[in-house]
Amino acid sequence: MQSRQDYYVPEGSYWPILGSVGMASLLGGFASSLHGHTAGITAMILGFGIILFMVFGWIGQVVHESEAGKYNLQVDRSFRMGMGWFIFSEVMFFGAFFGALFYVRQFAVPWLGGAGNNQFTGEVLWPQFKAVWPLLNMPLPDNYTVPKGIIDAWKVPAINTMVLLTSGATITWAHWALVNNKRNQLIGGLIATIVLGIIFLGLQVLEYGEAYNHLDLKLTSGIYGSTFFMLTGFHGLHVTLGTIMLIVILMRAIRGHFNKDRHFGFEAVAWYWHFVDVVWLGLFITVYWL
Amino acid sequence: MSTTTTDLENEIAGLTGTHGGHDDAHHGPQKGLLRWVKTTNHKDIGTLYLWFAFIMLLVGGAMAMVIRAELFQPGLQLVEPQFFNQMTTLHGLIMVFGAIMPAFVGLANWQIPLMIGAKDMALPRMNNWSFWILPFAGAMLLSTMFMKGGGPAFGWTFYAPLSTTFAPESTDFFIFAIHMLGFSSIMGAINVIATIMNMRAPGMKLMDMPLFVWTWLITAFLLIAAMPVLAGAVTMMLTDRNFGTSFFDAAGGGDPVLFQHIFWFFGHPEVYIMILPAFGVISQIIPTFARKPLFGYSSMVYATASIALLSFAVWAHHMFLTGMPVAGQMYFMYATIMISVPTGVKVFNWVTTMWRGSISFETPMLWAVAFVILFTIGGFSGLMLGIAPADIQYHDTYFVVAHFHYVLVTGALFSIIAAVFYWLPKWCGRMYNEKLSKIHFWWAVISVNVLFFPQHFLGLAGMPRRIPDYSLQFADFNMISSIGGFAFGASFLLLTYIIVDCIRNGEPVKEARVWESAKGLEWTVPTPAPYHTFDEPPEKALILSESSHIHHVSELAGATAK
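Protein chains in written order, with this note's numbering: chain A, -4 to 285; chain B, 24 to 585.
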């Protein structure tokens, strides 16, 4: 039976303050390194190390407490809500960048070309500017890297779409295995998902290499390059995080953690993976394809 | 049942001196400074938040004093214009992110578990982290003032290109401080939602919850939806400044107005983040001192939810002068003015709660009544600003300054002060000095109107905001406003004394129900509130009898609960 008194309230912990020190060191170091202070880079590396230590220590402690049976179903529900709302916050973060893309495509670029009641903008400021999307020629090209072309949606991105969609299927396959007590299939499904995640990341790296080396499509290529690299870059970062999380879950699955009723850790990572998947579909349609 | 057994065991263990030591949950707090660093206790964390917010309030207030001193007379008197701009910028940022928001999170930490009969917040370790990011972020933000080129001087809204092309180096530190503050707010909000949805006493339905809990639930949703967008905005600023992107640069195909859209998509929900918990506080205090159940409880809940949803659809009313199409102006004007309907519902409900009540005016009630009147003034000036053609005249004038200080100072801040006077006796088991507090109230409420009311006239006459010098025609009202400002600033010295005096030497309070007519689960626990409360959830009958909004059950269930 569930008893409310059993809701686990942890003892005092050093992990949070350590996380704050690491975060301040990482970000403060980053900011000072941007202005040529080499000590900033040291602080950044140090802060990153502290954060890694904190994340592994903290999550390790949570896993340990979970395996010791300290969490009842009410605690499990708190974790689920926490993860769900965290993913929602991530959706809103991507929303800001998608919003920027849509705004630029629908309003800013046409207005620069003289659409609506802005015809003087075009004629007075940059008369030679043509408002087209993808925007390869900026209003003031001298300040930016002018790309020769863009990534073709139906080559690597289409393959990557298949890779990620397949990985969404393999993680569901692993989940079924977990629910049906098939440990080997669970491990196999997780390994397949991780491999597909790594393939995706590898192809993204190839694509970035192609963009930078052959197409001159860079972060500095005006608004097209800005939105392209920031959206796909943050997505790639999330896939990287998701892959690391999947590897942790794989290790836990191999050690015999999780059972068919209690496997919040697995599900949290699966939700995260599906979220990354859905963001990719949005990217494929609005960044690469249309 | 099992608690009594544990208590008995503890007592025996204590007598025989053979305590096992693993059962720390029933102990008081750890001694020393480390208690505060490591704590997972919602009351400790609430206290930390409130003191942090108070210190930041004094820091931000000191900056406001610099602003008012410079504006005391026309001409450049005391500070350089660049420094003046840093003061207006940091004053705004510190008050919004350092004072008002953390103060409400502190109130949430203290009160939500007590009001829903939970033993703690849902995710206590994360709760600690939400707080302990703040001092680091606050220090990073303040450190910008001492850097080469000075601190951010582009206004708290940090519009591009002022914050990108023309900003000092320290702006990158400011960006990361905002990232950290956002991270802290999101974690805090996730914790609030998980606590309210998962930790309520089993007998408490959603529509049994006190209104403070309801308003915080909705605020937490706004935080999770809005703060990541702000993080996105400052990230784009960072890459525009340092890595050659062109989000806010028209020469690369971007648009500086895009920054304003993203900022205000966060910024407008943000203003409701700062006022919805205030609505909750006022809805707790007025029934207590009017000795009547809250009028229109469910309409209050629906009004709060509609305000929250509408807040995501009105952002561009801050941008009527950016040359947006007329259709856009019309839409944002009507959507904005629609918000006055649910807000009006709230104001009428508070007034109706007081109607024919047996009102007594203890200090919390004085602040609550002042809130209702003065917030409504701020609401009315908001309506004026929401009218697109009129806003062409008011935009970026002192009228705007007067408007948002009426809603944020006499609105949000007054409700926080009201909440502190209302719950402080429960927190520390001591009563504040009522006479001194009333003197402080009248001092503050008169001076704050001397401070901000003339700014309406200044704005209507055309005095722009964020300017260290002004035309001679504005001299008289500026001097009056500054005198009010100094008096209002000084009132916080008295407030500090009253609070410290209450905590250290206040008259001890023994009654669990500090205010005889107060309803709510927080008044059923002993005074001062023990370190751990509600290890056993309260019964349904108690929840109903302690409801501050149910009429008929209150007498009936009160009898059965005995």
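Glycine is no exception: its CB is placed at the ideal position from the N, C-alpha and C atoms.
Of all Cβ atoms in chain A, is any one closer than 8 Å to the Cβ of residue 255 of chain B?
yes
Could you give the DSSP three-state label for residue 46 of chain B: helix, strand or coil?
Annotation note: pLDDT 43 at residue 46 of chain B (below 50); position unreliable, coordinate value reported separately. Three-state DSSP puts residue 46 of chain B in coil, outside helix and strand.
Per DSSP, residue 531 of chain B forms a beta bridge with which residues?
B/453
Suppose the cutoff is 7 Å on Cβ atoms and the five residues either side in sequence are ignored; what does the same chain contact list for residue 99 of chain A look like?
218 and 222
Below 8 Å on the Cβ atoms is my guess for residue 130 of chain B versus residue 300 of chain B; work out the distance and round it to an integer in Å.
7 Å
Taking just the CA atoms, how far does residue 94 of chain A sit from residue 147 of chain A?
23 Å
Should residue 122 of chain A go down as buried or exposed, given a rule of 16 or more other Cβ atoms within 10 Å for buried?
exposed
CB contact below 8 Å: residue 230 of chain A versus chain B:
no
Run through chain B and tell me which residues come within less than 8 Å of residue 115 of chain A, C-beta to C-beta.
None at all; the shortest Cβ gap to chain B is about 11 Å.
Beta-carbon gap between residue 125 of chain A and residue 111 of chain A smaller than 8 Å
no
Is the Cβ-Cβ distance between residue 213 of chain B and residue 266 of chain A less than 8 Å?
no
Starting from residue 344 of chain B, follow the alpha helix (DSSP H) in both directions and report where the run begins and ends.
Element bounds for residue 344 of chain B: n/a, residue is neither H nor E.
Pull out every residue of the segment 135 to 153 of chain B whose Cβ sits closer than 8 Å to any Cβ of chain A, in chain order.
142, 143, 145, 146, 147, 148, 149, 151 and 152
Candidates B/405, B/534, B/150 and B/392, of which the one nearest residue 63 of chain B by Cα:
B/150
Give me the Cα-Cα distance between residue 254 of chain A and residue 173 of chain A, rounded to the nearest whole angstrom.
7 Å
Give the secondary structure of residue 311 of chain B by DSSP, where H, G and I count as helix, E and B as strand, and everything else as coil.
helix
Could you tell me whether the Cβ atoms of residue 303 of chain B and residue 238 of chain B are closer together than 8 Å?
yes
Tell me which residue opens and which closes the alpha helix (DSSP H) that residue 28 of chain A is part of.
10 to 28
Own chain residues within Cβ distance below 7 Å of residue 158 of chain B, not counting five before or after
75
Consider the Cβ of residue 155 of chain B: report whether some Cβ of chain A lies at a distance smaller than 8 Å.
yes
Specify the secondary structure class of residue 142 of chain A as computed by DSSP and reduced to three states.
coil
For the alpha helix (DSSP H) that contains residue 568 of chain B, what are its first and last residues?
563 to 568
For residue 444 of chain B, count neighbouring C-beta atoms within 10 Å of its own C-beta (all shown protein chains included) and say buried if the count is 16 or more, exposed if not.
buried
Residue 448 of chain B to residue 46 of chain A span [Cα, whole Å]
40 Å
Measure from the C-beta of residue 168 of chain B to each C-beta in chain A and report whether the shortest distance is under 8 Å.
no
N-terminal and C-terminal residue of the alpha helix (DSSP H) that residue 272 of chain B is part of
It is not in any alpha helix (DSSP H) - residue 272 of chain B carries neither H nor E in the DSSP assignment.
Just to confirm before moving on: does the CB-CB distance between residue 147 of chain B and residue 4 of chain A stay below 8 Å?
yes
Quick one: is residue 258 of chain A buried, meaning 16 or more other Cβ sit within 10 Å of its Cβ, or exposed?
buried
Given this structure, state the Cα-to-Cα distance separating residue 120 of chain A from residue 282 of chain B, to the nearest angstrom.
21 Å
Out of A/57, A/86, A/37 and A/34, which one is the CA nearest neighbour of residue 10 of chain A?
A/57
Are the C-beta of residue 10 of chain A and some C-beta of chain B separated by less than 8 Å?
yes
Using a Cβ-Cβ cut-off of 8 Å, state whether residue 566 of chain B counts as contacting chain A.
no
Does any residue of chain B have a CB that is nearer than 8 Å to the CB of residue 105 of chain A?
no
Residue 175 of chain A classed as buried or exposed, judged by whether at least 16 other C-beta atoms fall within 10 angstroms
exposed
Extract the residue ranges of the beta strand (DSSP E) inside the segment 330 to 390 of chain B, only unbroken runs of 3 or more that lie entirely within it.
none
Assigned exposure category for residue 315 of chain B - 16 Cβ within 10 Å defines buried:
buried
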